[in-house]
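Input: a single structure, listed below in structure tokens.
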Amino acid sequence: MKRIDFLVEGLKDLKTVGTITRSSRYLCKNMIKHINFQEADLIVELGAGDGVITRFILEKMKPNAKLLVFEVNPKFCEILRNIGDDRLIVAEDSAEELANYMQRLKANKVDYVVSALPFVALPKELGLDIVSKCHQFMKQGGRYVQVHYSLLTKKLYQSVFGNVDVNFVPLNVPPAFVLVSEKK
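Positions in the sequence shown are counted from 1; adding 1103 to them yields the working numbering.
This is how it looks when you write it as structure tokens:
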């Protein structure tokens, strides 16, 4: 997707897209460095957008692993489906529906969750529900990796996981924070 097209989608619905620019390669690399790809069988991505982070994940995943991505924007979902990787499962749905997709996949546990959902723009109850469901389905030692452009919602992850490590990524527009939590 061209930058101008991403900008248009972002401006059309900033509340669900969460940004008007794509994540930089520096941000993508920072987000995926928290994943042990040799042990990951199921990775979930929330708010996949046009797939910039998705592609970095797929590049590192083992051949038999699965990547379940949630995205509500139909244009972005079309782009994601056109990636053409059998390991990629595109859910044109809200991340609230994680339980239904876990059941469909006959999966018990998620190894890692990578999220670009704009929790700052979502109702607090919805954000708590989504993060709690991720925690519920995550294996012990699994990690939740979230990108944000401020630290306003750090307490949300602390309330569910207890622990939150923060990484600052200045080489992104705008500069970003990567919040990492581990299920104990």
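C-beta: ideal position from N, C-alpha, C; glycine also.
Note that the coordinates shown come from a computational prediction; the quantities given were computed from them, not determined experimentally.
Item to check | CB of residue 1252 within 8 angstroms of CB of residue 1277, strictly | outcome: yes
Next on the checklist: I'd like to confirm something about residue 1262: is its beta-carbon nearer than 7 angstroms to some heavy atom of the ligand SAM, or not?
Outcome noted: Annotation note on the ligand SAM: not contained in the displayed structure, which lists no ligands.
Next on the checklist: Taking only three categories from DSSP, how would you classify residue 1137?
Outcome noted: coil
Checklist entry - By how many angstroms is the C-alpha of residue 1224 removed from the C-alpha of residue 1139? => result 30 angstroms
Checklist entry - Taking the DSSP output, what are the residues bridged to residue 1213? => result 1241
Item to check | Sufficient close CB pairs (3 or more, under 8 angstroms) joining the segment 1227-1241 to the segment 1174-1194 | outcome: no
Next on the checklist: Please tell me whether residue 1148 and residue 1250 are closer than 8 angstroms, where the distance is taken between their beta carbons.
Outcome noted: no
Checklist entry - For residue 1142, does the three-state DSSP call read helix, strand or coil? => result coil
Item to check | Assigned exposure category for residue 1269 - 16 Cβ within 10 Å defines buried | outcome: exposed
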